[in-house]
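Protein sequence lines correspond, in order, to chains B and E.
Just add 234 to wherever you are in the first sequence, counting from 1, and you've got the numbering used here.
Just add 234 to wherever you are in the second sequence, counting from 1, and you've got the numbering used here.
Think of the CB as a built atom: it goes at the ideal place given N, C-alpha and C, for glycine as much as any other residue.
If you're wondering where the values come from, they're calculated on a predicted model, not measured in any experiment.
Number of protein chains: 2
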Amino acid sequence: MSRIVRRTVELSDRQRCMMDYITAFWRDCGYPPSIRDIVSGCSLSSTSVADYNLKILERKGYIRRHREVSRGISLPHLLSADHPRQVPVIGVIAAGQPIPVPDSDLWDATSGAETVEVPDSLMKGHSDVYALRVKGNSMTDALINDGDIVLMRHVNSVDNGDMAAVWLRDEKEATLKKFYAEGARVRLQPANSAMQPIYAPAENVEIQGRVIGVIRRIG
Amino acid sequence: MSRIVRRTVELSDRQRCMMDYITAFWRDCGYPPSIRDIVSGCSLSSTSVADYNLKILERKGYIRRHREVSRGISLPHLLSADHPRQVPVIGVIAAGQPIPVPDSDLWDATSGAETVEVPDSLMKGHSDVYALRVKGNSMTDALINDGDIVLMRHVNSVDNGDMAAVWLRDEKEATLKKFYAEGARVRLQPANSAMQPIYAPAENVEIQGRVIGVIRRIG
DNA sequence: ATAGTTGTAGAACAGGCGTTCTCTATGTCC
DNA sequence: GGACATAGAGAACGCCTGTTCTACAACTAT
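Laid out in C-alpha cells, this is it:
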C-alpha cells in the first residue's frame, strides 16, 4: 500500500519566526545573520536547533545556504530579482532649455545628485542609463506629462523609429520624438499618432539619448 | 599657512577593483565577501591591504562596515533603497472589456501570476496595489499608451481630481479619467487638457481603483 | 513493546575571519 | 637629509561561526 506523503511547504511557528528574523536582520543590517544571531533573535536554545530548522527552510526553498561559509544564508527572491538600480536624475527636459550631458564620472554612487529607483525590467542590464525630469506640458504629444521621469540611454546614434531626446540647434529646443532619418532631412514623429510630424535638416538635430522608459507618479 | 586638502572621492585602481569584486560577489552569492575573499578575488598580498583599503572605501561612503562581524560589509545603496515590491499584474484594461477585481488571497508571492517590479517611491508604503496592462490606444487622452503598466490602488471612493479607473455600466466600458463628482452627475476629465470631458450620471459609474503611477517600457 | 521519525538540548571541535602589530618602500614638503 | 603621510607585506592572535556528535522526549506505525 502506498503511503501518502505530506509534501507541505508550510512552516512551523519556529520556522516562520526564523524566516521573519532573517528577513528583518537583512533589511536592518545589510548582511546575513549568523546562526547564533538567529539563536538569540528567535530565543532558540541551541545552534543545533537553528541548524536543524535552517536545513528544513533550505529544503523548502525559503533560503539558500552555503556550506562552511559564515553567514552564508541568502534569500533566493532577493537574489533572483536583480537589485533595483539607482539611476541619477541628471537634469530637466523642457522646451527651450538644454539638457546637461551626463558626466560619467560625476553620477556614481557617491554623487549627491537625486536618483530614482528603477525596476530592472526597464534597464535590461544596461548601465549607461540616466533619467530626466519632464517640466511643462510640451511633451504631451509624446504621451509624457509634466513631472514624469523619462529613462534615457546615452547613445550617439539611434535607429529609425526609436524614441529619442533630440536637440534642435536652430530652435534651441529639446524634445522627445520618434526619430526617422530620411536622406538629408530628419522626420520627428510624435508618439501620438494624431499629431503631425516635424521635419528638420539632419545637421540641425543632435541626438541626446534614446528613451527606454517612462515612470509617472500620480497623487 | 593652510594646507590644501584633497577631498577626493575618486578611487585607486585597487579600490575600484575591490568595489567591483564586492558588488559582483554579492550579486553572485547573495551574501557579502569576507576579507580573504577579497584578497584572493583582487589578487591582494595580505588581509591588511584589504582592510586598509576597505577603511578608505568606508570613509568615502562606498561601503558600510560592521566591526567584529564576519562578512560585515554592506552596500549602502542596497540598504537604503527598500527592496522593490513585486506587484501583480491582474489584468488588462481596454475599452469595452471588464477589469477583473483583485482577489486579495490570490496574488501573494506564491501565486503564479505575472508581476512587475515597482520602485518603492511609487508605492509609498501602500500594500493594496495592483497593476493593469493597457491594451489598445483608447487611453491616449490620459497620456497612457498601448502596453503601459498602470499602477492601481484598490479603493472604493476617490476624491475629486483623482485619476481613477472607472467602469461605465451602460457603455460597458472601462477608462482612465480624472474624476469629479458634480451633484447627480460625474465629470470624467481626460488628463490631456486638449480633450473634452465626458459627463455621466453618478449611478452609471463604478470606481475600480485609483491610479497611482504609470510605467512605460520603450524599445 | 519496539523501532523509526521528528524536534530539541548541550557541548565540543576546527577552521573562518576580523583585527592588529611590526616592518618596508615610496613620495612630498621644508 | 629628516619628518611625515601614504601604501603595502606578512604574520600572529583570538574571537566568531558552521558543523557535528551524543542524548533525550514525544509521537506514530507495526
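How big is the Cα-Cα spacing for residue i and residue j?
i: E/M397; j: B/M386; result: 26 Å
i: B/R301; j: E/L309; result: 23 Å
i: B/Q430; j: E/K411; result: 25 Å
i: E/I383; j: E/R298; result: 36 Å
i: E/R270; j: B/S274; result: 27 Å
i: E/R213; j: B/I290; result: The question about residue 213 of chain E has no answer, for chain E in this structure spans 235 to 453.
i: E/D404; j: E/N438; result: 7 Å
i: E/S246; j: B/D254; result: 40 Å
i: B/R421; j: E/I432; result: 34 Å
i: B/D262; j: E/F413; result: 41 Å
i: B/G417; j: B/V448; result: 30 Å
i: E/A436; j: B/G264; result: 51 Å
i: B/V350; j: E/A258; result: 22 Å
Report all residues from its chain with a CB closer than 7 Å to the CB of residue i; omit the five preceding and five following residues, and keep chain order.
i: E/C251; result: C276
i: E/R450; result: N379, D382
i: E/Q249; result: N287, I290, L291
Chain E partners of residue i, CB-CB under 7 Å?
i: B/P266; result: Y265
i: B/R450; result: G447, V448
i: B/S279; result: The premise fails here: B/S279 is roughly 23 Å from chain E at the closest Cβ pair, so nothing lies under 7 Å.
i: B/R298; result: G264
i: B/R305; result: Y265, S304, R305
What does a CB cutoff of less than 8 Å around residue i pick up in its chain, not counting 5 residues either side in sequence?
i: B/I256; result: P266, P267, I272, I297, I307, L309
i: E/W260; result: P266, P267, L309, L312
i: B/L288; result: M252, I269, I272, I297, R299, I307
i: E/D342; result: Residue confidence for E/D342 is low, a pLDDT of 36 falling below 50, so the modelled location carries little weight; the figure read from the coordinates is stated next. Result list for E/D342: empty, nothing under 8 Å.
i: E/G395; result: K412, F413, Y414
Residue i and residue j look like a contact to me (Cβ under 8 Å); what is the Cβ gap, rounded to whole Å?
i: E/R419; j: E/A399; result: Contact flag wrong, Cβ pair sits at about 19 Å.
i: B/R305; j: E/S304; result: 6 Å
i: E/P424; j: E/A365; result: In fact, because the Cβ distance is near 21 Å, the residues do not count as touching under 8 Å.
If the cut is a Cβ gap below 8 Å, which residues of chain B does residue i touch?
i: E/S308; result: C263, G264, Y265
Beta-carbon within less than 6 Å of residue i's beta-carbon, same chain only, minus the 5 sequence neighbours each way: which residues are those?
i: E/D393; result: none
i: E/A284; result: I269, I272, V273, L278
i: B/I452; result: none
i: E/S282; result: none
i: E/R444; result: R387, V389, V392, D396, A398
What does residue i reach in chain E if we use C-beta pairs closer than 8 Å?
i: B/I378; result: L377
List, in order along the chain, the chain E residues whose C-beta lies closer than 9 Å to that of residue i?
i: B/R421; result: The premise fails here: B/R421 is roughly 18 Å from chain E at the closest Cβ pair, so nothing lies under 9 Å.
Along chain B, in chain order, which residues have C-beta atoms closer than 7 Å to that of residue i?
i: E/R293; result: Chain B residues near E/R293: none, gap ~11 Å exceeds 7 Å.
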